[in-house]
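Colleague:
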Amino acid sequence: MDLAALVASRVCHDIISPVGAITNGLEVLDEEGSEDMREFAMDLIRKSARQASAKLQFARLAFGAAGSAGAEIDLGDAQVVATGFMENEKSNLNWQLERHLMPKNFVKLLLNLILIANQCVPRGGEIKVEMSGTPQSPSFTLNAAGLNPRIPLGMKETLSGEEPERVDAHSVQPIYSLLLARECGMELTIDKDEDCVKITALPTE
């Protein structure tokens, strides 16, 4: 129950900002009479609505049920939602995966690893996503390169399976990623060199 509540908090945290901006834009439309302000408000509403939609579509695939047990997801659809999400972030997404049908938990794990990679380049950069193996037994490699990349505090320990000191809406996402990896029979690693953070998800067998 706590995991579900914390994941829900994480999703709500992500969409509060664009939804709040839509509300602000509507208030400007109600109060302002000038054409310039009305056009500004409409631009704000359009942009924020696109952001909210992209974040919700991403969250639905990354955290949601995504079909029945044993369901497969088109990696092309995953690329679309990941690209839409990253359009609102500072980093660019370099998606190197071919289009396949893949078991849903692998896709959910991959999207969650993109979220982790994005946290590693807070000033922006490039997140390169690659896969080897087969859709039924993949290995994922993500390289997050940018200015002063970093591994968030506690992230390395959490992904390696250590119990985090504190569990909240911010730390729940790597915990959820670890649980997904275990469900997929995969092991996660995260390491950093001077200008890049590398994340891998490899089969345990």
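Okay, so the sequence shown: first residue is 1109 according to the working numbering, each after it adds one. Heads up, the beta-carbon is just placed ideally off N, CA and C, and yes, glycines get one too. Please read all numbers here as calculations on a predicted model, not as lab measurements.
1) With the cut-off set at 7 Å, would you say A1309 and F1248 are in Cβ contact?
2) Of the residues L1267, V1215 and L1221, which one's Cα is nearest the Cα of Q1244?
3) Quick one: residues in its chain with C-beta nearer than 6 Å to the C-beta of S1285, no 5 flanking neighbours on either side, listed in chain order?
4) Does the distance from the CB of V1229 to the CB of P1257 come in under 7 Å?
5) Buried or exposed: where does T1131 fall if 16 or more other Cβ atoms within 10 Å of its Cβ makes it buried?
6) Checking the sheet assignment: what are the DSSP bridge partners for G1133?
7) Leaving out five residues on either side along the sequence, give the residues of the same chain with a beta carbon under 6 Å from the beta carbon of M1194.
8) Would you call the region 1253 to 1271 in contact with the region 1290 to 1303, where contact means no fewer than 3 C-beta pairs closer than 8 Å?
9) With P1282 as the anchor, note down where its alpha helix (DSSP H) starts and where it stops.
10) By the three-class DSSP mapping on this structure, what secondary structure does D1122 have?
11) Report yes if the CB atom of L1250 is closer than 7 Å to the CB atom of M1210, and no otherwise.
12) I'd like the ranges of any alpha helix (DSSP H) spanning at least 4 consecutive residues and lying wholly in the region 1202 to 1251.
13) Please tell me whether G1172 and K1198 are closer than 7 Å, where the distance is taken between their beta carbons.
14) Can you look up I1259 in the DSSP assignment and give me helix, strand or coil?
15) Is A1309 near the ligand ATP, judged by its Cβ being under 6 Å from some heavy atom?
16) Work out the CA separation of P1246 and E1291 for me, nearest whole Å.
17) Which full runs of the beta strand (DSSP E) of 3+ residues lie inside the region 1159 to 1190, going along the chain?
18) Among D1151, S1156, D1144 and D1138, which one has its Cα closest to the Cα of P1127?
19) Looking at the secondary structure, which residues open and close the beta strand (DSSP E) in which K1306 lies?
20) Which of helix, strand or coil does DSSP assign to K1300?
21) Between the alpha carbons of I1222 and S1142, how many angstroms are there, rounded?
Modeller: In short:
1) In this structure, A1309 lies near F1248, with their beta-carbon atoms less than 7 Å apart.
2) Checked all of L1267, V1215 and L1221; the closest Cα to Q1244 is V1215.
3) Only N1220 meet the Cβ criterion.
4) Going by C-beta atoms, V1229 is nearer than 7 Å to P1257.
5) Counting other Cβ atoms within 10 Å of its Cβ, T1131 stays below 16 and is therefore classed as exposed.
6) Looking at the DSSP output, G1133 sits in no beta bridge, so it has no partner there.
7) For M1194, where only same-chain residues beyond five positions count, the Cβ hits under 6 Å are L1201.
8) Yes, they touch.
9) Note, P1282: alpha helix (DSSP H), V1280 to C1292.
10) Correct three-state label for D1122: helix.
11) Between L1250 and M1210, the gap from beta carbon to beta carbon reaches 7 Å or more.
12) Entirely contained in the region 1202 to 1251, the alpha helix (DSSP H) runs reaching 4 residues are, in chain order, 1212 to 1227.
13) No, the pair does not count as a contact, with Cβ atoms beyond the cut-off.
14) Coil.
15) What this structure holds is no ligand at all, so the ligand ATP is not there to describe.
16) Approximately 14 Å, taken between the alpha carbons.
17) For the region 1159 to 1190, whole beta strand (DSSP E) runs of length 3 or above, ordered along the chain, are 1180 to 1182.
18) Note that residue 1127 is Val in the sequence shown here, rather than Pro. In terms of CA proximity to V1127, S1156 leads the group D1151, S1156, D1144 and D1138.
19) For K1306, the enclosing beta strand (DSSP E) covers residues C1304 to P1311.
20) Three-state result, K1300: strand.
21) Using only the alpha carbons, I get a separation of about 42 Å.
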